[in-house]
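*Asks:*
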Amino acid sequence: MCLAIPGKVLDKSLLNGLLRGRVEFGGIVREACFDFLPEAEPGDYVLVHVGFAITMVDEEDALSTLAYLRELGTLEEEVGVEEATP
Amino acid sequence: MKHLDEYRDEKIANALVAKLKSKATKPWVLMEVCGGQTHTLVRYGIDGLLPAGMEMIHGPGCPVCVTPLETIDKALTLAEMPNVILATYGDMMRVPGSTTDLLHVKAKGGNVRMVYSPLDALKIARENPSREIVFFGVGFETTAPPNAAAVWQAGRQGITNFSLLASHVLVPPALRALLSDSGNRVQGLIAPGHVCSIVGLDDYHSIAHEFHLPIVVGGFEPVDLLEAIVLLVDQLESGRAEVENQYSRSVRVEGNPLAQTMLTDVLEVCDRKWRGLGEIPKSGLKVRAKYAAWDAEAKFGLADKFVEEPKECISAMILQGRKKPPECSAFGVRCTPERPLGAPMVSSEGACAAYYQYRRYESAAELAGGAR
Chain A
9 MCLAIPGKVL DKSLLNGLLR GRVEFGGIVR EACFDFLPEA EPGDYVLVHV
59 GFAITMVDEE DALSTLAYLR ELGTLEEEVG VEEATP
Chain B
6 MKHLDEYRDE KIANALVAKL KSKATKPWVL MEVCGGQTHT LVRYGIDGLL
56 PAGMEMIHGP GCPVCVTPLE TIDKALTLAE MPNVILATYG DMMRVPGSTT
106 DLLHVKAKGG NVRMVYSPLD ALKIARENPS REIVFFGVGF ETTAPPNAAA
156 VWQAGRQGIT NFSLLASHVL VPPALRALLS DSGNRVQGLI APGHVCSIVG
206 LDDYHSIAHE FHLPIVVGGF EPVDLLEAIV LLVDQLESGR AEVENQYSRS
256 VRVEGNPLAQ TMLTDVLEVC DRKWRGLGEI PKSGLKVRAK YAAWDAEAKF
306 GLADKFVEEP KECISAMILQ GRKKPPECSA FGVRCTPERP LGAPMVSSEG
356 ACAAYYQYRR YESAAELAGG AR
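From first to last, the protein sequence lines are chains A and B.
The opening residue of the first sequence carries number 9 in the working numbering; numbering runs sequentially from there.
The opening residue of the second sequence carries number 6 in the working numbering; numbering runs sequentially from there.
1. Say whether the stretch 29-37 of chain B touches the stretch 56-65 of chain B, bearing in mind that this needs 3 or more beta-carbon pairs closer than 8 Å, one atom from each stretch.
2. Taking 7 Å as the threshold (C-beta atoms), are B/Gln251 and B/Leu236 in contact?
3. Which residues in chain B sit within 8 Å of A/Asp43, going by Cβ to Cβ distance?
4. Give the DSSP bridge partners of B/Met61, in chain order.
5. Starting from the beta carbon of B/Gly115, find every residue of chain A whose beta carbon is closer than 9 Å, and list them in chain order.
6. Am I right that B/His199 and A/Ala40 are in contact with their C-beta atoms under 8 Å? What's the rounded C-beta distance?
7. Check whether chain B comes within 7 Å of A/Phe60, counting only Cβ atoms and requiring the distance to be less than that.
8. Hey, is A/Ala12's beta-carbon within less than 7 Å of any beta-carbon in chain B?
9. With a cut-off of 7 Å, does the C-beta of A/Leu2 fall near any C-beta of chain B?
10. Are B/Pro345 and B/Phe336 closer than 7 Å when you measure CB to CB?
11. Alpha carbon to alpha carbon, how far is B/Met36 from B/Glu247? Give it in angstroms, no decimals.
12. Assuming the contact rule is C-beta atoms closer than 8 Å, B/Cys70 and B/Gly355 should be a hit. Round their C-beta distance to whole Å, please.
13. Leaving out the 5 sequence neighbours to the left and right, which residues in its chain are closer than 8 Å to B/Trp299 when beta-carbon positions are compared?
14. State the CB to CB distance for the pair A/Val58 and B/Ser122, rounded to an integer number of angstroms; the pair is presumed to be in contact (CB under 8 Å).
15. DSSP three-state call for B/Phe216: helix, strand or coil?
16. Return yes when the Cβ of B/Asn152 is within less than 7 Å of the Cβ of A/Phe44, no when it is not.
17. Can you round the beta-carbon distance between B/Val143 and B/His173 to whole angstroms, since I take them to be within the 8 Å contact cut?
18. Would you call A/Lys20 buried or exposed, if buried means 16 or more other Cβ atoms sit within 10 Å of its Cβ?
19. Opposite A/Asp19 in the DSSP bridges: which residues?
20. Would you verify that the beta carbon of B/Leu124 is, or is not, closer than 7 Å to some beta carbon of chain A?
21. Out of B/Val117, B/Val89, B/Val238, B/Val176, point me to the one whose CA is closest to B/Glu60's CA.
22. Can you tell me whether B/Gly102 is helix, strand or coil according to DSSP?
23. List the residues of chain A whose Cβ lies closer than 7 Å to the Cβ of B/Phe225, in chain order.
24. Taking a cut of 8 Å between CB atoms, which residues from the stretch 273-284 of chain B lie near chain A?
25. Using a cut-off of 8 Å between C-beta atoms, extract the partners of B/His199 located in chain A.
26. Taking the alpha-carbon of B/Lys304 as reference, which of B/Gly50, B/Lys295, B/Val312, B/Leu175 has the nearest alpha-carbon?
27. For B/Leu127, I'd like the list of residues in its chain whose CB is within less than 7 Å of its CB, leaving aside the five on either flank, ordered along the chain.
28. According to a CB-to-CB cut-off of less than 8 Å, which residues of the stretch 12-32 of chain A neighbour chain B?
29. Measure from the C-beta of A/Val65 to each C-beta in chain B and report whether the shortest distance is under 7 Å.
30. When you compare each of B/Cys333, B/Val117, B/Lys113, B/Glu249 to B/Gly205 by their alpha carbons, which one comes out closest?
31. Please confirm if B/Lys326 has its CB atom under 7 Å from at least one CB of chain A.
32. With C-beta atoms as the reference, is A/Val65 less than 7 Å away from A/Tyr53?
33. Return yes when the Cβ of A/Val87 is within less than 7 Å of the Cβ of A/Arg30, no when it is not.
34. Suppose contacts are defined by Cβ-Cβ distances below 7 Å. Is B/Ser139 in contact with B/Ala301 by that definition?
35. For the beta strand (DSSP E) containing B/Asn250, name the first residue and the last one.
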């Protein structure tokens with residue numbers, strides 16, 4: 009639960025007062041909150057921790073980390089199984 | 006254990022190991038703070054690649070592992086209340102309290118839900134207006150702002166059946182406690198990259214200065230760790246004690262100001278007991294009085310009840326970096342991830358679980374010998 013996982017921002021909108029959007033983690037799509045990183049735009053890569061985008065990362069680093077997590081077999085576990093809506 | 010030829014970046018890793026061997030002239034003792042880093046280190050056998058005599062001590066950076074028994078017991082008490090749904094991160098489900106764990110309470114009919122995000126718990130609260138939803142939130146500075154945001158959002162939306170059982174801990178005070186200890190052997194520190202993405206580097210500059218200790222903010226992949234170790238040895242060999250950022254791709258000097266603002270709006274610094282380390286002044290975060298309506302401790306009037314740790318479990322020594330897991334008489338025998346005596350065997354970030362997963366077939370004697 010401690011790790012932050014890189015993913016690509018797919019979309020972003022204001023919902024129930026929270027800035028929400030979808031992030032794709034190597035094929036797995038999850039909801040995330042962008043309240044701590046409102047500057048992230050669709051196409052950007054961000055680090056997501058427990059459903060919150062916390063910082064921007066560059067694409068090369070993101071893809072490299074995703075490949076590493078896939079190799080470890082922990083990607084699904086790290087990005088969670090349930091989707092959250094605000 | 007994995008070997009060097011299994012690294013994805015074998016060439017880079019080889020070059021780093023060669024560099025390290027050419028640079029290190031003394032048996033330096035380094036600590037990786039974060040449990041995620043410990044996991045990588047043990048899995049890839051990075052400690053075995055170091056020059057002879059050099060040692061990695063595994064730090065207390067596993068929030069699940071340092072959550073005190075008393076707080077686990079509070080979560081268990083809440084989970085057994087008929088009108089309560091207790092939601093928490095998956096890692097907390099099997100952490101033993103003084104008599105049972107959340108998974109067993111769930112099996113006996115307690116309403117315990119595993120969630121990925123605190124916002125999932127808030128959603129459960131919205132969908133179950135007649136039930137009390139308690140989110141058992143543990144974690145370091147990375148996890149505190151999201152948990153705070155759930156409380157803030159509950160307040161803003163007038164969701165009154167949601168509360169937070171907060172067991173947040175802060176890394177710098179624990180590091181200061183470990184480094185001030187007369188038995189401290191740590192000469193260089195790999196600081197947790199993700200924590201620094203939130204809080205920035207200020208505290209780490211102070212620690213480097215106070216203890217004349219080289220610090221490198223590091224990532225979580227094998228090559229990240231090797232790079233961080235090379236940078237630390239470079240500093241040690243040249244007598245420097247600075248903060249360097251190996252993980253620069255995500256850490257900004259100032260951290261994430263919006264997350265920090267959310268954290269300080271909802272939570273405030275408090276004294277906190279760490280499982281294995283004892284009470285450390287100003288090392289935790291609790292819910293501020295203005296959010297008392299969303300603070301599970303205040304809402305349910307939960308009192309602290311001191312309980313003894315299981316006698317055979319040496320998690321205190323493990324979390325202080327004084328012993329390695331295979332030196333425990335219960336390791337892999339009376340303590341396994343399925344039947345853990347202590348939290349470091351439960352969490353995927355715990356040192357005992359990492360050794361159990363990757364090294365339990367190696368002889369304990371060999372490891373204990375190699376550890377010193």
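Every residue gets a Cβ at the ideal spot worked out from N, C-alpha and C, and that includes glycine.
Treat the numbers as computed from the prediction; the structure is a model and nothing was measured.
*Replies:* For this structure:
1. yes
2. For this step, residue 236 of chain B is matched to residue 231 along the second sequence. For this step, residue 251 of chain B is matched to residue 246 along the second sequence. Contact: yes.
3. Residue 43 of chain A sits at position 35 when you count from the first residue of the first sequence. Those within 8 Å of A/Asp43 in chain B are Ala154, Leu263, Met267.
4. Taking the second sequence and counting its residues from 1, one reaches residue 61 of chain B at position 56. Listed as beta-bridge partners of B/Met61 by DSSP are B/Leu35.
5. What you label residue 115 of chain B is simply residue 110 of the second sequence in a count that begins at 1. By Cβ distance, chain A contributes nothing, its closest Cβ being about 19 Å from B/Gly115, past 9 Å.
6. Within the second sequence, numbered from 1, the residue matching residue 199 of chain B stands at position 194. Within the first sequence, numbered from 1, the residue matching residue 40 of chain A stands at position 32. That pair is no contact at about 15 Å.
7. The sequence position of residue 60 of chain A within the first sequence is 52, counting from 1. It does; some Cβ of chain B falls within 7 Å.
8. As a working mapping, residue 12 of chain A is identified with position 4 in the first sequence. By this cut-off, A/Ala12 is an interface position.
9. This structure cannot settle anything about residue 2 of chain A, because the visible part of chain A is limited to 9 through 94.
10. Residue numbering aside, residue 345 of chain B sits at position 340 when the second sequence is read from its first letter. Residue numbering aside, residue 336 of chain B sits at position 331 when the second sequence is read from its first letter. Contact flag unset, no.
11. Walking along the second sequence from the start, residue 247 of chain B turns up at place 242. Walking along the second sequence from the start, residue 36 of chain B turns up at place 31. Their backbone Cα atoms lie some 15 Å apart in a straight line.
12. Counting from one through the second sequence, the residue named residue 70 of chain B turns up at place 65. Counting from one through the second sequence, the residue named residue 355 of chain B turns up at place 350. Contact flag correct, Cβ pair sits at about 5 Å.
13. Against the second sequence, residue 299 of chain B aligns to sequence position 294. Val156, Ala159, Gly160, Phe167, Ser168, Leu169, Val292, listed in sequence order.
14. Working through the first sequence from its first residue, we reach residue 58 of chain A at position 50. Working through the second sequence from its first residue, we reach residue 122 of chain B at position 117. About 5 Å; that satisfies the 8 Å criterion.
15. Locating residue 216 of chain B in the second sequence gives position 211, counting from the first residue. Coil at B/Phe216, not helix or strand.
16. Position 36 of the first sequence, counted from the first residue, corresponds to residue 44 of chain A. Position 147 of the second sequence, counted from the first residue, corresponds to residue 152 of chain B. The answer is no: Cβ separation not under 7 Å.
17. As a working mapping, residue 143 of chain B is identified with position 138 in the second sequence. As a working mapping, residue 173 of chain B is identified with position 168 in the second sequence. Between B/His173 and B/Val143 the Cβ distance is about 7 Å, and since that is below 8 Å, they are a contact.
18. What you label residue 20 of chain A is simply residue 12 of the first sequence in a count that begins at 1. Around the Cβ of A/Lys20, a 10 Å sphere holds 16 or more other Cβ atoms; the residue is buried.
19. Mapped onto the first sequence, residue 19 of chain A falls at position 11. According to DSSP, A/Asp19 bridges with A/Arg30.
20. Residue numbering aside, residue 124 of chain B sits at position 119 when the second sequence is read from its first letter. It does; some Cβ of chain A falls within 7 Å.
21. Here residue 60 of chain B is taken as the residue at index 55 of the second sequence, counted from 1. That would be B/Val238, whose Cα lies nearest to the Cα of B/Glu60.
22. Taking the second sequence and counting its residues from 1, one reaches residue 102 of chain B at position 97. The answer is coil: DSSP assigns B/Gly102 none of H, G, I, E or B.
23. The residue you call residue 225 of chain B lines up with position 220 of the second sequence. Going along chain A in sequence order, the residues near B/Phe225 (Cβ under 7 Å) are Leu11.
24. none
25. To locate residue 199 of chain B, count along the second sequence from 1; it is residue 194. Going along chain A in sequence order, the residues near B/His199 (Cβ under 8 Å) are Cys10, Leu11, Ala12, Leu55, His57, Ile62.
26. The residue given as residue 304 of chain B occupies position 299 in the second sequence. Comparing Cα positions, the closest option is B/Lys295.
27. Within the second sequence, the letter at position 122 stands for residue 127 of chain B. Excluding sequence neighbours, B/Leu127 sits near Ala155, Gln158, Ala159, Ile164, Phe167.
28. Ala12, Asn24, Gly25, Leu26
29. Position 57 of the first sequence, counted from the first residue, corresponds to residue 65 of chain A. True, the Cβ-Cβ gap to chain B drops below 7 Å.
30. As a position in the second sequence, residue 205 of chain B is number 200, starting the count at 1. Selected option, being the one with the closest Cα: B/Glu249.
31. To locate residue 326 of chain B, count along the second sequence from 1; it is residue 321. This sequence places Gly at residue 326 of chain B; Lys is not what is there. No, because no Cβ of chain A sits closer than 7 Å to the Cβ of B/Gly326.
32. Counting from one through the first sequence, the residue named residue 65 of chain A turns up at place 57. Counting from one through the first sequence, the residue named residue 53 of chain A turns up at place 45. A contact, by the Cβ cut-off of 7 Å.
33. If you number the first sequence from 1, residue 30 of chain A lands on position 22. If you number the first sequence from 1, residue 87 of chain A lands on position 79. Cβ distance not < 7 Å, so A/Arg30 and A/Val87 don't count as in contact.
34. Indexing the second sequence from 1 puts residue 139 of chain B at position 134. Indexing the second sequence from 1 puts residue 301 of chain B at position 296. The sequence shown places Val at residue 139 of chain B, not Ser. Cβ atoms of B/Val139 and B/Ala301: closer than 7 Å.
35. In the second sequence, residue 250 of chain B corresponds to position 245, counting from 1. Unbroken beta strand (DSSP E) run through B/Asn250: 248-250.
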